[in-house]
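Residue numbers (the numbering used here), protein chains in the order written: chain A, 991 to 1046; chain B, 23 to 305. Here a beta-carbon is modelled for each residue, glycine too, at the ideal position from N, C-alpha and C. Have a look at the structure below, then the notes.
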Ligand SMILES: [Zn+2]
């Protein structure tokens, strides 16, 4: 596991070592976060809202 | 096989395809759309990729990335033309109809007055749907003209892309379920019933329960026919059962989800897709 910082509350978020960009992580503060690749390091940002054109 | 997975959200499906691919000894390269740029003066990266499986959740990202990869010389499944045909319900319905495939009675109108007029012809209740959209969003049933008038008004005040087109359909008096069946290459390996006791909308995204489907010969042939008209490699097709007319094709999905299908059928669809894809690109 890697420990990342929640961009909303600043708290710690445990993410799987082999997490991939686009993975969604729920943090205990209630934030929905998206894993992304920040200059070759895993990082977290607020997940995208469901779009009008989303869905199968 | 070196396979690229184009995606913008890592759902169960994308993760499962990546895992199953690696188990089968394929090299699977996740391509996270939000990290990719296309520059007309440069080659697209991933030059050793033999095929790209399109798995973007957003339709605009799916169609655009398929198109961009295609024009860069990649084999993309599903291709942008297939995705365009699926995404636009007007096109799906009338294209299928033109090839003699049974669809629910559907009316298209371009003004409020004509929409109401043609709904009367269909007979209430009717269903009004956005031309583009998924997971049952904005799909509504009108019991009478008054309700339809209100629903039309709602549509007109949304930010929907095709809000000036009215897609009105008969309400198919189906059992409390519909069918979701999958076409992979030229095969029809698996499907589910989606049952909902409480909601006439049978999307699993809206709480419908998935049950294993027994695929009969008629349904299989119909699925193949739909696939021949729409094209592509991997499709999820929604089918209604009408008491008099039999099977009617509702919608076709170009980036179908299949978590529940795998679960209730104990069928490894990711693995099936991967091996069929490998076959297709070696042909
Ligand atoms: Zn937090």
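Residue i CB to nearest heavy atom of ligand 1 below 7 Å
i, result
"residue 162(B)", "no"
"residue 1021(A)", "yes"
"residue 81(B)", "no"
"residue 1015(A)", "no"
"residue 277(B)", "no"
"residue 999(A)", "yes"
"residue 996(A)", "yes"
Anticipated Cβ contact below 8 Å, residue i with residue j, distance rounded
i, j, result
"residue 158(B)", "residue 227(B)", "7 Å"
"residue 146(B)", "residue 166(B)", "5 Å"
"residue 25(B)", "residue 98(B)", "Contact doesn't hold; Cβ gap of about 11 Å is too wide."
"residue 992(A)", "residue 1023(A)", "No, residue 992(A) and residue 1023(A) are not in contact; Cβ-Cβ is about 13 Å, not under 8 Å."
"residue 104(B)", "residue 253(B)", "4 Å"
"residue 32(B)", "residue 1041(A)", "With 8 Å as the limit, residue 32(B) and residue 1041(A) do not qualify as a contact, their Cβ atoms being about 16 Å apart."
"residue 109(B)", "residue 276(B)", "7 Å"
"residue 1038(A)", "residue 156(B)", "That pair is no contact at about 16 Å."
Limits of the alpha helix (DSSP H) - the one that residue i falls within
i, result
"residue 1013(A)", "From DSSP, residue 1013(A) is part of no alpha helix (DSSP H); its letter is neither H nor E."
"residue 293(B)", "291-304"
"residue 103(B)", "102-109"
"residue 176(B)", "167-178"
"residue 137(B)", "134-144"
"residue 54(B)", "Not the alpha helix (DSSP H): residue 54(B) falls in the beta strand (DSSP E), residues 49-54."
"residue 1031(A)", "Element bounds for residue 1031(A): not the alpha helix (DSSP H) but the beta strand (DSSP E), 1031-1036."
Residue i to residue j span [Cα, whole Å]
i, j, result
"residue 94(B)", "residue 65(B)", "7 Å"
"residue 214(B)", "residue 1000(A)", "43 Å"
"residue 30(B)", "residue 237(B)", "32 Å"
"residue 115(B)", "residue 123(B)", "9 Å"
"residue 39(B)", "residue 176(B)", "39 Å"
"residue 1010(A)", "residue 1027(A)", "8 Å"
"residue 57(B)", "residue 264(B)", "45 Å"
"residue 294(B)", "residue 998(A)", "40 Å"
"residue 291(B)", "residue 133(B)", "43 Å"
"residue 296(B)", "residue 260(B)", "23 Å"
"residue 244(B)", "residue 218(B)", "24 Å"
"residue 197(B)", "residue 223(B)", "11 Å"
"residue 208(B)", "residue 53(B)", "26 Å"
"residue 1044(A)", "residue 278(B)", "12 Å"
"residue 1021(A)", "residue 121(B)", "48 Å"
"residue 240(B)", "residue 131(B)", "33 Å"
"residue 1015(A)", "residue 1005(A)", "8 Å"
"residue 1030(A)", "residue 1003(A)", "18 Å"
"residue 43(B)", "residue 1017(A)", "30 Å"
"residue 79(B)", "residue 140(B)", "34 Å"
"residue 119(B)", "residue 184(B)", "21 Å"
"residue 225(B)", "residue 63(B)", "43 Å"
"residue 180(B)", "residue 301(B)", "44 Å"
Residue i: first and last residue of the uninterrupted beta strand (DSSP E) it sits in
i, result
"residue 232(B)", "231-234"
"residue 128(B)", "128-131"
"residue 192(B)", "188-192"
"residue 1042(A)", "That residue, residue 1042(A), is in no beta strand (DSSP E); it is neither H nor E in DSSP."
"residue 6(B)", "In the structure displayed, chain B extends from 23 to 305; residue 6(B) sits before or after that span and is not available."
Residue from the options with nearest C-alpha to residue i
i, options, result
"residue 163(B)", "112(B), 190(B), 183(B)", "190(B)"
"residue 126(B)", "134(B), 35(B), 303(B), 266(B)", "266(B)"
"residue 1007(A)", "1044(A), 1037(A), 1042(A), 1025(A)", "1025(A)"
"residue 204(B)", "255(B), 196(B), 80(B)", "255(B)"
"residue 135(B)", "172(B), 235(B), 156(B), 216(B)", "172(B)"
"residue 76(B)", "155(B), 288(B), 91(B)", "91(B)"
"residue 47(B)", "183(B), 23(B), 107(B)", "23(B)"
"residue 102(B)", "275(B), 262(B), 225(B), 89(B)", "89(B)"
"residue 68(B)", "82(B), 80(B), 50(B)", "50(B)"
"residue 270(B)", "110(B), 128(B), 181(B), 62(B)", "128(B)"
"residue 7(B)", "143(B), 194(B), 234(B), 55(B)", "In this structure chain B extends from 23 to 305, so residue 7(B) is not present and cannot be described."
"residue 231(B)", "257(B), 199(B), 249(B)", "199(B)"
"residue 113(B)", "34(B), 152(B), 43(B)", "152(B)"
"residue 285(B)", "27(B), 35(B), 100(B)", "35(B)"
"residue 299(B)", "73(B), 149(B), 272(B), 80(B)", "73(B)"
"residue 995(A)", "1036(A), 1042(A), 1043(A)", "1036(A)"
"residue 182(B)", "193(B), 161(B), 201(B)", "161(B)"
"residue 194(B)", "111(B), 137(B), 262(B), 188(B)", "262(B)"
"residue 212(B)", "202(B), 43(B), 61(B)", "202(B)"
"residue 81(B)", "119(B), 229(B), 154(B), 60(B)", "154(B)"
Residue i CB to nearest heavy atom of ligand 2 below 7 Å
i, result
"residue 49(B)", "The model on display carries ligand 1 but not ligand 2."
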